[in-house]
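A.B. asks: Chains as they are written, first to last, in this note's numbering: chain A, -1 to 164; chain B, 1289 to 1433. Built from N, CA and C at the ideal position, the CB exists for glycine as well. On a predicted model such as this, the values are computed, not experimentally measured, just so you know.
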Amino acid sequence: MRMELIQPFINAADAVLADSLQSPTSIAHLSMEEEGYRRRGVAALIAVSGDIEGRIIFDVDPKTAMRVASRMAGQELPESQELMCETVCELANQVIGNAITSLNDQGFHFRVHPPELHTSEHGDKSSEDTEALVMCIETCSGKVFMNVAMRYNRRRHEERAAVVTE
Amino acid sequence: MEQFAPVKRKDGQPVRYLVVDDSVFARKNLARMIESFGGQVAGEAGDGCTAITEYDRTNPDIVLMDITMPQMEGIEAAERIVRSHPNARIVMVSSVGYQDNIVAALQRGARHFVQKPVKPEVLYEVIKYVLGEDASVASAAGAGA
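#1: Any idea which residues DSSP pairs Arg1304(B) with across the strands?
#2: Between which two residues does the beta strand (DSSP E) harbouring Ala1423(B) extend?
#3: Return helix, strand or coil for Cys138(A), following the three-state DSSP convention.
#4: Here's the rule: buried if 16 or more other CB atoms are within 10 angstroms of the residue's CB, otherwise exposed. What is Lys1298(B)?
#5: Would you mind telling me which residues of chain B sit closer than 7 angstroms to Gly140(A), beta carbon to beta carbon, in chain order?
#6: Could you name the residues of chain B that Leu81(A) contacts, counting a contact when the two beta carbons are closer than 8 angstroms?
#7: Any C-beta of chain B sitting closer than 8 angstroms to the C-beta of Ile98(A)?
#8: Under 8 angstroms between beta-carbons, which chain A residues line up against Thr1356(B)? List them in chain order, please.
#9: Using the Cβ count rule (16 or more neighbours within 10 Å means buried), how would you classify Ile1350(B)?
#10: Looking at chain A, is there any beta carbon in it that lies within less than 8 angstroms of the beta carbon of Tyr1386(B)?
#11: For Glu1332(B), which of Arg1315(B), Ala1398(B), Ile1322(B) and Asp1344(B) has the nearest alpha-carbon?
#12: Please name the residue in Leu3(A), Phe108(A), His107(A) and Ala13(A) whose C-alpha comes closest to that of Pro1405(B).
#13: Would you give the residue range spanned by the beta strand (DSSP E) that Asp57(A) belongs to?
#14: Going along the stretch 50 to 70 of chain A in order, which residues come within less than 9 angstroms of chain B, judged by CB to CB distance?
#15: Restricting to Cα atoms, I'd like to know which of Tyr1386(B), Pro1348(B) and Ser1382(B) is closest to Asn1375(B).
#16: List the residues of chain B that Thr85(A) touches, going by C-beta distances under 7 angstroms, in chain order.
#17: Evaluate contact between the stretch 1328 to 1344 of chain B and the stretch 1383 to 1394 of chain B, counting only Cβ atoms and requiring at least three cross-stretch pairs below 8 angstroms.
#18: Determine the chain A residues that contact Lys1404(B) at a beta-carbon separation under 7 angstroms, and present them in chain order.
#19: Could you name the residues of the same chain whose beta carbon sits closer than 6 angstroms to that of Cys134(A), not counting the 5 residues immediately before and after it, in chain order?
#20: Can you have a look at Phe7(A) and say buried or exposed, based on whether 16 or more other CB atoms are within 10 angstroms of its CB?
#21: Does Met1(A) come out as helix, strand or coil in the three-state DSSP assignment?
#22: Here's the rule: buried if 16 or more other CB atoms are within 10 angstroms of the residue's CB, otherwise exposed. What is His1400(B)?
#23: Among residues of its own chain, excluding the 5 on either side of Asp1310(B), which ones have a beta-carbon nearer than 7 angstroms to its beta-carbon?
#24: Can you give me the C-alpha to C-alpha distance between Glu114(A) and Gln1403(B), rounded to a whole angstrom?
#25: Note the first and the last residue of the continuous beta strand (DSSP E) segment covering Lys1296(B).
#26: Can you pull the DSSP bridge partners for Gln1268(B)?
#27: Measure the Cβ-Cβ separation of Ala165(A) and His111(A) and say whether it is below 8 angstroms.
#28: So that I know if they touch, is there some Cβ in chain B lying closer than 8 angstroms to that of Asp12(A)?
#29: Return the CA-CA distance between Ser21(A) and Cys138(A), expressed in angstroms with no decimal places.
#30: One question on the structure: do Val1329(B) and Ile1415(B) come within less than 8 angstroms of each other, judged by their Cβ atoms?
#31: Whole angstroms are fine: how far does the CA of Arg1371(B) sit from the CA of Asp17(A)?
#32: Taking 8 angstroms as the threshold (beta carbon to beta carbon), is Ser1382(B) in contact with chain A?
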């Protein structure tokens, strides 16, 4: 994946998490991964389609999800599986929405699909052109993992190139 | 959560909101903000289709509408609501805040756009702006702000 695609996700994760949790965050780990995705805790998947296509998975362990939910709500919330899932989906939605906004303003056109819970233990193995970026973000509530696998949509790219040369 | 000087309708009643978002968590957070503005949640919906029926049922003063939702997205729902209720006040609340999206929402009848994560102070100002002369702000002293 190219840096122009990666940077907006790093910036959005940092900004949204810091803002939602009212506390600074830091990138603890950043790597490219060719192996298949392996779920760590509560995971939400958001698919994107358009000039760039792929998926982003947000993955948070249950205790961290509860702490994040309480901080975002501004009050201590009782532990519940539904709340953990809701929190991770909404967090994913906000981070990815902000990243897509930035990419869109750079001229890439996308459609973001609603978040879905990723319940299987494993995901598809990455291919040469959908190598995944794995990011671990350290927050005051615990670690948040983001797995981004996206590629340029060649057909859309060729269609656009054809329009430009006409 | 911080308390704001209550925004009331001209008749002194609390402003009634319809909150539309496919995330229950997001709806609850918005409901807490509405409460801190002195408002009242008249209804909730998790998708655009339900938003339309809930609008007809509750006739709210203002709608807070997400964009990316299953079944029917927020921009289409906003357009349909405004078509049948030209005076509907709809504020789009979404994390997807690129220019094309904002322009499309405004062209189809939304009055304003607030990007997620929502800052209560930003939403409060937008609500006051969108309600305009149809609302008044009670004195801060009485609100404990």
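C.D. replies: Result, derived from the coordinates:
#1: Gln1328(B)
#2: Ala1423 to Val1425
#3: coil
#4: exposed
#5: Chain B residues near Gly140(A): none, gap ~17 angstroms exceeds 7 angstroms.
#6: Phe1313
#7: yes
#8: Asn91, Gly95, Val110, His111 and Pro112
#9: buried
#10: yes
#11: Arg1315(B)
#12: Ala13(A)
#13: Ile50 to Val58
#14: Ala67 and Met70
#15: Pro1348(B)
#16: Phe1313
#17: no
#18: Gln92 and Gly95
#19: Ala26, His27, Lys141 and Phe143
#20: buried
#21: helix
#22: buried
#23: Gly1334, Asp1335, Asp1354, Met1357 and Pro1358
#24: 21 angstroms
#25: Val1295 to Arg1297
#26: Residue 1268(B) lies beyond the stretch modelled for chain B, which goes from 1289 to 1433, so this question has no answer here.
#27: What is shown of chain A runs -1 to 164, which leaves residue 165(A) out entirely.
#28: no
#29: 7 angstroms
#30: no
#31: 36 angstroms
#32: yes
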